[in-house]
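Residues in the sequence shown are numbered consecutively from 1, following our numbering. Backbone N, C-alpha and C fix where the C-beta goes; we use that ideal spot for every residue, glycine too. Remember, it's a predicted structure, so these values are computed and weren't measured experimentally.
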Amino acid sequence: MRTGKISVGETSLRTKNIFVFGSSLTSTYWNGAATYYRGIYKYLHRLGYRIIFAEPAIYSRQDHRDSSNIDYAEVRVYQSPNDIPKLINEAAHAQIVIKHSGVGAEDERLEREVLTCRSPETKVIFWDVDAPATLARVEANLSDPFRGLVPQYDTVFTYGGGPTVVAHYDRLGARLCVPIYNGLDPETHHPVPPSPGLACDLAFVGHRLPDREARVEEFFLRAASQAPDLSFVLGGEGWGEKKLPSNVRWIGHVGSDRHNFVNCSARMVLNINRDSMAKTGFSPPTRIFEAAGAGVCLITDAWEGIERFFAPEAEILIARSARDIVNHLKRLSAAEASNIGSAMLKRALSEHTYETRAREVHAALQTLFSEETSSRFQPDAVGYKLSQVPV
Numbered sequence: 001m002r003t004g005k006i007s008v009g010e011t012s013l014r015t016k017n018i019f020v021f022g023s024s025l026t027s028t029y030w031n032g033a034a035t036y037y038r039g040i041y042k043y044l045h046r047l048g049y050r051i052i053f054a055e056p057a058i059y060s061r062q063d064h065r066d067s068s069n070i071d072y073a074e075v076r077v078y079q080s081p082n083d084i085p086k087l088i089n090e091a092a093h094a095q096i097v098i099k100h101s102g103v104g105a106e107d108e109r110l111e112r113e114v115l116t117c118r119s120p121e122t123k124v125i126f127w128d129v130d131a132p133a134t135l136a137r138v139e140a141n142l143s144d145p146f147r148g149l150v151p152q153y154d155t156v157f158t159y160g161g162g163p164t165v166v167a168h169y170d171r172l173g174a175r176l177c178v179p180i181y182n183g184l185d186p187e188t189h190h191p192v193p194p195s196p197g198l199a200c201d202l203a204f205v206g207h208r209l210p211d212r213e214a215r216v217e218e219f220f221l222r223a224a225s226q227a228p229d230l231s232f233v234l235g236g237e238g239w240g241e242k243k244l245p246s247n248v249r250w251i252g253h254v255g256s257d258r259h260n261f262v263n264c265s266a267r268m269v270l271n272i273n274r275d276s277m278a279k280t281g282f283s284p285p286t287r288i289f290e291a292a293g294a295g296v297c298l299i300t301d302a303w304e305g306i307e308r309f310f311a312p313e314a315e316i317l318i319a320r321s322a323r324d325i326v327n328h329l330k331r332l333s334a335a336e337a338s339n340i341g342s343a344m345l346k347r348a349l350s351e352h353t354y355e356t357r358a359r360e361v362h363a364a365l366q367t368l369f370s371e372e373t374s375s376r377f378q379p380d381a382v383g384y385k386l387s388q389v390p391v
């Protein structure tokens, strides 16, 4: 396994500073984007970038830190909105300023004020980690101030969403929109010996959220009710007061240090996209790649684009109902499930690592700092690649 700097050849970006405003790099507590941030910025650092990540001290995340070894970024934890002007001033000295969606505090203010950092030497990027929610919000309110800000950003990156999200941001006037999909960090998510206390037939880890709960009921809890002879483990915050079938055990918040143990102790793992992500498609969440890293057999709900990432039946199992989930659990032998998990791991290591994603970000940043105005990102089989097209 390679460590240290990744060789990328000669480039003017090798020593660029990136200043980031995001929800949290230090904690996954009520923060599903943490794995994504860690993977992206860890491997951008290995490409030669200096990363400064500013996160607010909210939602008790600092009391639930689950990553103490962040040697790839300088983390600025700020205590109040009064700290923002100082951070904006520091950001203005970076070559790249990134405002992620869903910081969780003063988002509208940050979306507006980071744009004051723009200059010939500093590019400002909006990186949307929940594009379906952002786009639904601005469509519901034609006076949403973010509408007028979109064309002012040098580019928009998105957590996923594929052609639908790209086209929507184009209609809002984005100069460029580039999906940067989730991926696998094999140094973080990898096979480990199973933990007997977490053994089950099916595990699902996800916080209880308004646009996810109905789908968890429809897929996970209904499957448990239909298969009382099987055992199920539910992880994530917010489920403590939920009435669960007797064969479902809730284990609470699952920090990143426990992901591998949960995934490797289950016979199969379930992914359930939030409703908005499922409708948009092309949105594989971190959960899929965490399971892939463990080499475990994964079942996912059906949504457009999943086959672009993993081959159904050979590398991943698709379920359109609770009955499909139960059928998968009962028809596959342990050896067959293991083979699917191994194939998924092989595909993830080949095509979907965060090293690959970081290179995609690097290519997009090269375009921004290039004098070639005809460079655009065009879709390939899964993500987006750099190509020259007529203007």
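Across which residues does DSSP place residue i in a beta bridge pair?
| i | result |
| --- | --- |
| residue 119 | 122 |
| residue 74 | 52 |
| residue 158 | 128 and 179 |
| residue 233 | 203 and 249 |
| residue 184 | 353 |
| residue 312 | 316 |
At what residues does the alpha helix (DSSP H) containing residue i begin and finish?
| i | result |
| --- | --- |
| residue 280 | 275-280 |
| residue 212 | 210-216 |
| residue 226 | 222-226 |
| residue 40 | 34-46 |
| residue 88 | 84-91 |
Looking only at its chain, what residues have a beta carbon closer than 6 angstroms to the beta carbon of residue i, apart from the 5 residues adjacent to it on each side?
| i | result |
| --- | --- |
| residue 253 | 237 |
| residue 282 | 160, 161, 162 and 305 |
| residue 340 | 297 |
| residue 6 | At residue 6, the pLDDT of 45 sits below 50, so the modelled position is not reliable and the matter cannot be decided from this model. |
| residue 20 | 53 and 98 |
| residue 17 | 50, 94 and 95 |
| residue 280 | 132, 161 and 164 |
| residue 201 | 230, 231, 267 and 329 |
| residue 208 | 238 and 239 |
| residue 91 | 19, 97 and 117 |
| residue 169 | 156 and 177 |
| residue 302 | 318 and 320 |
| residue 8 | No answer about residue 8 holds up, because its pLDDT of 43 lies below 50 and its placement is not dependable. |
| residue 126 | 99, 153 and 156 |
| residue 353 | 183 and 184 |
| residue 130 | 101 and 102 |
Could you pull the start and end residues of the beta strand (DSSP E) that residue i belongs to?
| i | result |
| --- | --- |
| residue 98 | 96-100 |
| residue 17 | 17-21 |
| residue 204 | 200-205 |
| residue 300 | 297-301 |
Return the chain-ordered list of same chain residues with a C-beta closer than 7 angstroms to the C-beta of residue i, the five sequence neighbours on each side being excluded.
| i | result |
| --- | --- |
| residue 104 | 23, 56, 58 and 59 |
| residue 137 | 144 |
| residue 290 | 35, 189, 259 and 263 |
| residue 322 | 218, 219, 222, 223 and 226 |
| residue 358 | 40, 43, 44 and 47 |
| residue 347 | 310 and 315 |
Is residue i helix, strand or coil by DSSP?
| i | result |
| --- | --- |
| residue 103 | coil |
| residue 171 | helix |
| residue 58 | coil |
| residue 64 | helix |
| residue 307 | helix |
| residue 25 | coil |
| residue 163 | helix |
| residue 114 | helix |
| residue 191 | coil |
Excluding the 5 residues preceding and the 5 following residue i in the sequence, name in chain order all residues of the same chain whose CB lies nearer than 8 angstroms to its CB.
| i | result |
| --- | --- |
| residue 115 | 124, 149, 152 and 153 |
| residue 25 | 34, 37, 38, 41, 53, 55, 67, 70, 73 and 75 |
| residue 334 | 267 |
| residue 246 | 228 |
| residue 147 | 138 and 172 |
Is residue i close to chain D? Criterion is C-beta to C-beta, closer than 8 angstroms.
| i | result |
| --- | --- |
| residue 193 | This model lacks chain D altogether, as it is built from one protein chain only. |
Problem set entry | Uninterrupted alpha helix (DSSP H) stretches inside the segment 235-295 (no shorter than 4 residues) | 259-265, 275-280 and 286-294
Exercise. Which ranges does the alpha helix (DSSP H) cover as unbroken runs of at least 4 residues, wholly within the segment 316-371, from first to last along the chain?
Worked result: 322-331, 334-351 and 354-368
Exercise. What are the uninterrupted segments assigned as alpha helix (DSSP H) that are 4 or more residues long and contained completely in the segment 129-153, given in chain order?
Worked result: 131-140 and 146-149
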